[in-house]
Amino acid sequence: MSDSVDTSQGLPSNPEKATLEGKNKFLGFWVFLGGETIMFATFFGTFLGLREGTAAGPSAEELFSLPLVFIMTMLLLTSSLTSVLAMFSMKKNNFKTMMILTAVTVVLGLAFLGFEIYEFVEYVHHGLGYTTSAFASSFYTLVGLHGAHVVFGLCWFITLMIRYSRTGGITLTNAPKFYLASLYWHFIDVVWVFIFTVVYLMSIGGA
Amino acid sequence: MNNNKSVLWDWLTTVDHKKLAVLYLMAGTLFFVKAGVMALFMRIQLMSAENDFLSGQTFNEFITMHGTIMLFLAATPLIFAFMNFAVPLQIGARDVAFPFINALGFWIFFFGGLLVSVSWFFGGAPDAGWTAYVPLSSGEYADLGLDFYVLGLQISGIGTLVSAINFIVTIINMRAPGMTMMRMPLFCWTGLVTSILIVFAFTPLAAGLALLMLDRIFGGQFFIPDSGGNAVLWQHIFWIFGHPEVYILVLPAFGIISEVIPAFSKKRLFGYTAMVFATLIIAFLSFMVWVHHMFTVGIGPITNSVFAIATMAIGVPTGIKIFNWLFTMWGGKITFNTAMLCASSFVPTFVLGGVTGVMLAMVPVDYLYHDTYFVVAHFHYIVVGGIVLGLLAGTYYWYPKMFGHKLNEKLGILMFWLFYVGFHLTFFIQHILGLIGMPRRVFTYLDGQGMETMNLVSTIGAFLMGAGVLVLVINVVYSAFTSERITVRDPWDARTLEWATTTPIPEYNFAQTPQVRSLDPWFYEKVHGDGLMKPAEPMDEIHMPNGSILPFMIGLGLFVWGFGMIMLNMENPIMPAPIVIGVGFVITFGSMLMRSIKEDHGYHIPLDKVKKIEKEVS
Amino acid sequence: MSDELSKPFTESSLSKEEMMKMNRERRVQIITFAFMIFLTILAFVAVGMEMIEPSFTIPFILLLAVVQFVLQLFYFMHLKDKDHEWPNAFMLTGIVVATPAVIALVLLLGVTKY
Amino acid sequence: MKGRIGLWRFLPLSAMFFLLAGCGEDKLTALDPYGPQAEWILDNMILSLYVMALVIIVVFTLFFIAVVKFRKKEGDNEIPKQVEGSKALELTWTIIPVFLLAILAVPTITGTYYMAEEAPEAAGTSGEEGESAEGEDGEGSGEEVQEEDASVVIDVTGHQFWWQFDYAEGFSAGNEVYIPTGEKVWFNLTASDVIHSFWVPALGGKIDTIPGIENGMWLEANEPGVYKGKCAELCGPSHALMDFKVIALERDDYDAWVEEMSGDETSGEEDSEEASQEEETQDSTMSDGRQAFEDQGCIACHAVDGQGTGQGPTLSNFADREKIANVIDVNDENLEAWIRNPGSFKEGNNMPASPNMNDEDMDAIIEYLNSLSAEDELE
Ligand code: HEA
Ligand code: HEA
Ligand SMILES: [Cu+2]
């Protein structure tokens, strides 16, 4: 049916969607992201519904520190940009640049993760254990789930980089893979936008 | 393909959608019989007042498992069986979009189901109803059974989710040339919409189950008010999933009916466009009505009124469907065989269940109905009188294509009448039981409340239904030995593309992708063409995916992982839980890693082999 | 065929114009990024300066988040491009379904009756 | 005690108890309503049934005509006309259902508000008041003082597997709730462990009792009688046995009953657990019984002075009960069996078993329990 792709001219302009397999993966992944939206929405709703339930434990205002969150936000936003740029390099068949930009993304992601772990450890020291209150549980669950996504995204990038460093170039098989990983990374960023707004800023900014 | 490998290996590694359909069919049937037998036990317990056949605890385990298995592990896979089998054929595709994911979906679902089922051997099944309302299902009030429920459903839900994504992409991307969206058979449409509903409904369920798991295993504080939690939270999350879930089940049944009725009325589906839009509207509305399960929670009159109106609104598009089916039959030339008996009787039966649904939507009156046998009657009228009848119709309709022979008609008609009469006996009377004050989920009722006779009748009906199912099982075995093989493409003189394939279907479905020129393309070619599909491409070698054991391994890995998680809550586990969790983790992610590292482009069937196969089958 | 799928390309099929168009687009992306950083700073400042009324800040930062959300999706994730009808449809459905769900979880927990 | 009049008041009341017991049947079915709410529900159910009957008749008529008339005849192989659809027909069956649904939507909304009506402001909520229903601590509990408010407000708490009813007058009852007839009685409901649901089919709808959340509802009984209530939300192994009774009395009888129930602690908040005056005047086994009741630890959960503990049902009027724990008939053997092993009657309930209690204490406790009555205490 389908895998008749014209490859004589070099890498097609949208290599991630050049083959039927690529098209399928592309669409399938978007469907998945659509589903993720509502899953995260559920966790956001849970957090918003329970955030007043601090029981005897510390509350959001007592804990959260804006500068830390700001740094984390900047890291993640920048990594999103590098990931976008990596995709441009991919489309231009610029494998090296793509790998480097992806590596930068990974480094930024790791830094973000480091801060997040530091943050959690800090909160635990301040008496906000996972089981302390409904607020604590829903906070750790929501932000932790995002963190888990970051971890998964990083593993994905790293696997791809290791796997395809040998290939040494962009193919019609690995282009969709890099593209999807990048989409995933953007999605993580999108979720973070809401996390820093809804979880951190809204808790500190009163209401 | 691999003649040197064993049959078993072949089935474990298959990625062929037709074989997966059979696997789904078998798994679904097993679970259906299991849950059905549980229903019979429940009915025996309720046969007479103050009976002590089952204790309260056991009874609660039975209702929970009955409901859970029926909805998640019986109805869903049976629907997937037909979707897997028919959808790629109906859109003229060689295969689904992601054959590997398709197999993965099955195995994850299967192992998830297995995890729920083994709970009996570890101190009892879940016992908080299929809805698992907290706090009854939280760590404080429920035992290990609920852990099996939470993790088993979580895992099988992942399977269902990935299968749904596969169906969506298949239907959108893999249609044959000329098969526009508005020429797709209605079963494909409902399959598409159901899959979309799954994507958007199973994800909140996954979130909810994760919360419950965190609550039970890691001491999360989501639901217990003492630490700031809220018990209503779970109900919202559950029903945000739960209401779409019932349409997830019934829409494909609608689809089957929309295939079978035109086929045996010899008429095209009346109001095709309206049917498609009705499906879409139902799907949309189904996300806006969940509070109708929570009218008595006390959320407030505004909320209740809004959701009541939204709920009633669903009656309109559903009504459109009902009348379109009636008018498809109207003016047709109807043949009544078992498939058509089931399909046509679906229509009035579903209406009976649907109108009680609308009655339930009247909030103040629902204060009476809620959590009584009236509700039980409502949804069994739809799930048994609707979904099960639809699935039976589908079974008798597609059986010849799937297995190469028809089911025996005499036994079929016997099954139908046993089942149908039994069904009305069982469930009609439950409406009245509810009104005279019998709550649901009660393991017994006291003497002298006027409930004895009606319950007895209900039990007798259940046994008639059981007899009906038994006749079906006998029929399957009997027909396998006695029915003549089918060699024609189209034993029913039907209308859609799956009947354009040869019987048995070669693994690549269509040697040449067909060119579609109309709705009901096969019928169109029979009337306006030469009775065969026009090819859209020259005969060429055919690309096929390789089989793989990895889906099975990933499913197994998740099973082990889930079991390990449950072991965290066990008092004396045989071995430390973290080890089991780790092993499961390694199996799962190891397999996934292997999959992503090894590029697998499948193989090609050479042209002369295709020609040879084509000659053989036709 | 299958070897072709795993074979790296030596050159790109992009024409000069296409190349330029892509560079232009890359510039747009960078501007988008700068804008997003700006929005983020705005949000943090709005909250950091404690004199502003919460009744204003909260809707304001939520609005900023929505703008960023749209920017990310449309630019970074290319939802604005053609060939993205179905992805748009799925994201939109996700949002349509998620909105009442979140509202319900925030408001309809039975503590206050509506 | 308030004086002799109380006794006279109780004469007709006792007679009525006797009558009711004689009648045997408690009122349960919703098809035979005994209050305005239940009547409303039944009327509107019947309204919806008419609408549904219409729908069903139309569908069934079309269906049967179709399956009879359009069967394929033997040998008729002609292909029927392939109809695409019909705008007019499709519009018809879109619009008519909309109208039918509108007919149902109107009572749905009015009824929802009718039943969501809230208790008059001043009606007390909990048991901190002393002798009268008038709230005297208006500011403290956020309630406004209102002149002459006689509304009955009862706090309901669902427990695994029994019901606690706290009256504004400061006493508590377990599993049997007394209400006056002919007026709306307000309930504030919550639960202590898992979710339950409060349902009296013959009087009205149901509402869930949810831990951490307070719900409100009202019920009204037209005439005196015993109405059976049930828990309607799965709450554990003995969910099916979590029944209760609503006993509706004429207002006068009700007032008398209230007085009798609250009379036990007219002396105000006693800080000691000492038996109240009349018990001291009883014969010696009674005190033994009381002693045993305390020694065996029953008192830790079961209050006998009207005040509730939340751990177990108040037994202040135990002897008036028609059933033990609402499941077994009242007689001494059953009572003993229950005390020795409550789990055998109500699986999973929270009352500890006392299989080895000595017979002496057992007899004393049984006798003591049989003496606890609001009805014939003075006789
Ligand atoms: C596949 C399953 C399925 C389907 C399709 C439906 C369909 C509907 N359901 Fe049902 N329902 C369940 C499965 C299903 N339900 C289950 C399992 C439960 C219990 C869950 C639990 O608590 O365990 C439940 C519970 C349930 C409740 C909660 C009851 C309670 O617990 O108090 C309500 C309340 O509104 C309801 C309403 C409806 C309505 C209005 C429809 C409508 O979609 C029906 C529409 C159809 C028609 C109306 C008939 C055809 C229309 C016409 C012929 C046109 C003319 C008609 C009119 C003008 C009325 N359902
Ligand atoms: C798809 C969904 C589905 C289906 C098909 C059924 C089918 C049946 N259900 Fe089910 N039911 C539910 C979904 C379903 N149910 C749900 C969701 C609940 C709510 C659970 C809860 O409250 O949490 C419920 C609850 C429920 C109750 C209420 C329990 C209670 O509240 O106390 C009852 C009681 O009568 C009941 C009965 C039946 C019966 C008799 C059948 C019959 O139709 C079953 C017919 C099948 C058989 C009888 C099996 C026959 C097999 C054989 C005879 C063996 C053959 C032998 C070999 C193969 C060797 N069901
Ligand atoms: Cu529903």
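Chains as they are written, first to last, in UniProt numbering: chain A, 1 to 207; chain B, 1 to 618; chain C, 1 to 114; chain D, 1 to 379. The beta-carbon is built from N, C-alpha and C at its ideal position, and this holds for glycine as well. Here the structure is a predicted model, which is why all the values come from computation and not from measurement.
(1) Under 8 angstroms between the Cβ atoms of Lys228/D and Lys206/D?
(2) Could you tell me the boundaries of the alpha helix (DSSP H) in which Lys50/D lies?
(3) Inspect the CB distances between the segment 392-399 of chain B and the segment 332-346 of chain B and report whether three or more fall short of 8 angstroms.
(4) Could you have a look at Val304/D and say whether DSSP puts it in helix, strand or coil?
(5) So, with DSSP's three-state summary, where would you put Val152/D?
(6) Fully enclosed by the UniProt domain "Cytochrome c" (284-373) of chain D, which alpha helix (DSSP H) runs are 4 residues long or longer?
(7) What do you get for Lys321/B, buried or exposed, if any count of 16 or more other CB atoms within 10 angstroms of its CB means buried?
(8) Using the rule of at least 16 other Cβ atoms within 10 Å of the residue's Cβ for burial, across every protein chain shown, is Trp9/B buried or exposed?
(9) Using only the heavy atoms of ligand 3, determine whether one of them is closer than 7 angstroms to the beta carbon of His236/B.
(10) Kindly list, in the order they appear in chain B, the residues whose Cβ is closer than 9 angstroms to that of Tyr75/C.
(11) Closest by CA to Leu249/D, which one among Leu91/D, Pro180/D and Ala53/D?
(12) Any idea what DSSP makes of Ile485/B, helix, strand or coil?
(13) Could you name the residues of the same chain whose beta carbon sits closer than 6 angstroms to that of Tyr508/B, not counting the 5 residues immediately before and after it, in chain order?
(14) If I measure Cβ to Cβ from Thr303/B and keep anything under 8 angstroms in the same chain, skipping five residues before and after, which residues do I get?
(15) Three or more C-beta pairs under 8 angstroms: does that hold for the segment 82-89 of chain B against the segment 527-536 of chain B?
(16) Considering only heavy atoms of ligand 2, does any lie closer than 7 angstroms to the CB of Ala462/B?
(17) For Gly390/B, collect the residues of the same chain with a Cβ closer than 7 angstroms to its Cβ; drop the 5 residues on either side in sequence, then sort them by chain order.
(18) Mind the definition here: the segment 166-179 of chain D touches the segment 349-361 of chain D only if three or more C-beta pairs lie below 8 angstroms; say whether that holds.
(19) Considering only C-alpha positions, which residue in the set Ser286/B, Asn230/B and Asp16/B is nearest to residue 387/D?
(20) Straight-line CA distance for Val365/B to Asn60/B?
(21) With a threshold of 7 angstroms, establish whether the CB of Val365/B neighbours any heavy atom of ligand 3.
(22) Helix or strand or just coil, what does DSSP make of His543/B?
(23) Taking Pro97/C as the query, report the chain B residues whose CB atoms sit under 7 angstroms from its CB, ordered along the chain.
(24) According to DSSP, is Phe473/B helix, strand or coil?
(25) Helix, strand or coil: which one does DSSP assign to His126/A?
(26) Please say whether Tyr24/B and residue 619/B have beta carbons closer to each other than 8 angstroms?
(27) Under the three-state reduction of DSSP, which class applies to Asn166/B: helix, strand or coil?
(28) Taking only the alpha-carbon atoms, compute the straight-line gap between Glu116/A and Gly147/A and give it to the nearest angstrom.
(29) Name, in chain order, the residues that DSSP records as bridge partners for Ser12/C.
(30) Who are Gly158/D's beta bridge partners in DSSP?
(31) Do the segment 449-457 of chain B and the segment 35-55 of chain B meet, that is, are 3 or more Cβ pairs less than 8 angstroms apart?
(32) State the Cα-Cα distance for the pair His378/B and His370/B, rounded to the nearest angstrom.
(33) Is Glu136/D helix, strand or coil when you go by DSSP?
(34) Excluding sequence positions up to five away, which residues of its chain have a Cβ less than 8 angstroms from the Cβ of Thr487/B?
(35) Grab the span of the alpha helix (DSSP H) containing Ala168/D for me, first residue to last.
(36) Using the rule of at least 16 other Cβ atoms within 10 Å of the residue's Cβ for burial, across every protein chain shown, is Glu245/B buried or exposed?
Reading off the structure:
(1) Result no, Cβ atoms of Lys228/D and Lys206/D do not sit closer than 8 angstroms.
(2) Here the sequence assigns Tyr to residue 50/D, which means Lys is not the residue at that position. Looking at the DSSP string, the run of the alpha helix (DSSP H) that includes Tyr50/D is Pro36 to Lys69.
(3) Counting Cβ pairs under 8 angstroms, three or more are found: they touch.
(4) The DSSP-derived three-state label of Val304/D is coil.
(5) In the three-state scheme derived from DSSP, where H, G and I count as helix and E and B as strand, Val152/D is classed as strand.
(6) Counting whole runs of 4 or more residues, the UniProt domain "Cytochrome c" (284-373) of chain D contains the alpha helix (DSSP H) stretches 284-295, 332-340 and 359-371.
(7) Buried.
(8) Classification for Trp9/B: exposed.
(9) Remark: the C-beta of His236/B is outside contact range of ligand 3, defined as less than 7 angstroms to any heavy atom.
(10) Taking the beta carbon of Tyr75/C as reference, no residue of chain B falls within 9 angstroms; the closest one sits roughly 24 angstroms away.
(11) For Leu249/D, the nearest C-alpha among the options comes from Pro180/D.
(12) In the sequence under discussion, the amino acid at residue 485/B is Arg, which differs from the Ile named in the question. If DSSP states are grouped into helix, strand and coil, Arg485/B belongs with the strands.
(13) Here the set comprises Arg94 and Ile542.
(14) Counting only Cβ-Cβ distances below 8 angstroms, and skipping sequence neighbours, we find Val291.
(15) No, they do not touch.
(16) Ala462/B Cβ: within cutoff of ligand 2.
(17) Scanning its chain for C-beta atoms nearer than 7 angstroms, with the 5 sequence neighbours on each side dropped, one finds around Gly390/B the residues Ala253, Ile256, Ile257 and Phe346, in chain order.
(18) No, the segment 166-179 of chain D is not in contact with the segment 349-361 of chain D.
(19) This structure cannot settle anything about residue 387/D, because the visible part of chain D is limited to 1 through 379.
(20) Cα-Cα distance, rounded: 27 angstroms.
(21) Checking every heavy atom of ligand 3 against the Cβ of Val365/B, none is found closer than 7 angstroms.
(22) The three-state reading of DSSP puts His543/B in strand, counting E and B together.
(23) The residue asked about is misnamed: residue 97/C is Val in this sequence, not Pro. The contacting residues are Phe200 and Phe287.
(24) The amino acid occupying residue 473/B in the given sequence is Val; Phe does not appear at that position. In the structure shown, the three-state DSSP call for Val473/B is helix.
(25) Looking at His126/A - three-state DSSP - the assignment turns out to be coil, as it is neither helix nor strand.
(26) Since the displayed chain B opens at 1 and closes at 618, residue 619/B lies outside it and no answer follows.
(27) Here Asn166/B sits in helix by DSSP.
(28) About 8 angstroms.
(29) Ser12/C is bridged to Leu11/A.
(30) The bridge partners DSSP lists for Gly158/D are Trp163/D and Ala191/D.
(31) Yes: the two stretches touch, three or more of their Cβ pairs being nearer than 8 angstroms.
(32) The straight-line gap from Cα to Cα measures roughly 11 angstroms.
(33) Unreliable placement is indicated for Glu136/D, whose pLDDT of 39 sits below 50; the coordinate value is still reported in the next sentence. DSSP places Glu136/D in the coil class of the three-state scheme, outside both helix and strand.
(34) Excluding residues within five positions, the ones whose Cβ falls inside 8 angstroms are Thr503.
(35) For Ala168/D, there is no enclosing alpha helix (DSSP H), as DSSP marks it with neither H nor E.
(36) Counting Cβ neighbours within 10 Å, Glu245/B comes out buried, since at least 16 surround it.
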